[in-house]
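Just below is one structure, and these are the notes that go with it.
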Amino acid sequence: MGDRTDRETTARRALEERMAHLAKPNLKSIDEEFSARRGKAKFDPPWFSLDGIQSVRSLAKHLNRLAEYETFYSRGSQIMHAGTYRDHLNVLSGGEVAFIPIRHVSDMSALLRSVFTVTLASYSKVVETYLSEEAEVVRELYVRKWREPFIDMPNINVEYR
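Take -3 as the starting number for the sequence shown in our numbering and just add one per residue.
Here it is as structure tokens:
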């Protein structure tokens, strides 16, 4: 019982902190608009809907990031939500079928490259936006220290049988 009480207390405190944060002058009008949009519905509307955007794809297009959406989010979402059965079945030579978990690591290399690419792009964008005088240093750091290990990353494949 103590564990549950501790979790409830922690959750209440966290909620109070979030509500206090949303009550700040620079966020209050956004929170009010979001609450009005929700109305009496049981679930919150998508966080991006306040700008009239209806989907993550539309958001990516609006931000001129559609190529990244198609490369990373769309395919990953399809796999994670079992949008294509082929990603979850492996027919073995004897005709046996091996089921591959929904959250699998059959191509760890592609996952690591994707994560690195998005992380580096995001980091670079933050530096350009908020520390523009450091942007060239980051580019040089990439060339000097990060590019070669990234390019030479070994292929890691996990087979499910």
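Just so it is clear, CB atoms sit at the ideal spot from N, CA and C, and this is done for glycine as well. Quick caveat, the model's predicted, so the values are computed rather than measured.
Every alpha helix (DSSP H) stretch that sits fully inside the region 119 to 143 and reaches 4 residues is listed by chain position as 131 to 137. A check of alpha carbon separations from tyrosine 138 across Glu129, Tyr126, Phe112 identifies Phe112 as the nearest. DSSP places asparagine 22 within a helical segment (H, G or I) once states are collapsed to three. Around the beta carbon of leucine 59, fewer than 16 other beta carbons sit within 10 angstroms, so the residue counts as exposed. The alpha-carbon separation between asparagine 22 and alanine 16 amounts to approximately 12 Å. When secondary structure is reduced to three states using DSSP, alanine 94 falls in the strand class.
Every alpha helix (DSSP H) stretch that sits fully inside the region 27 to 65 and reaches 4 residues is listed by chain position as 52 to 58. Here leucine 18 is actually not in contact with glutamate 29; their C-beta atoms are around 11 Å apart, not less than 8 Å. In its chain, beyond the 5 residues on either side, Leu85, Asn86, Val87 have a beta carbon closer than 8 Å to the beta carbon of valine 93. Proline 41 is a Cβ neighbour of arginine 33, given a cutoff of 8 Å. By the C-beta density criterion, leucine 107 is exposed, having fewer than 16 other C-beta atoms within 10 angstroms.
Judged by DSSP secondary structure, valine 87 falls within the beta strand (DSSP E) whose first and last residues are 85 to 87. Taking glutamate 130 as the centre and dropping the five residues before and after it, the same chain places the C-beta of Val123 closer than 7 Å to its C-beta, in chain order. A Cβ-Cβ contact shorter than 8 Å links leucine 55 with phenylalanine 44. Each residue's CA atom was taken as its position, placing arginine 9 and arginine 3 some 10 Å apart.
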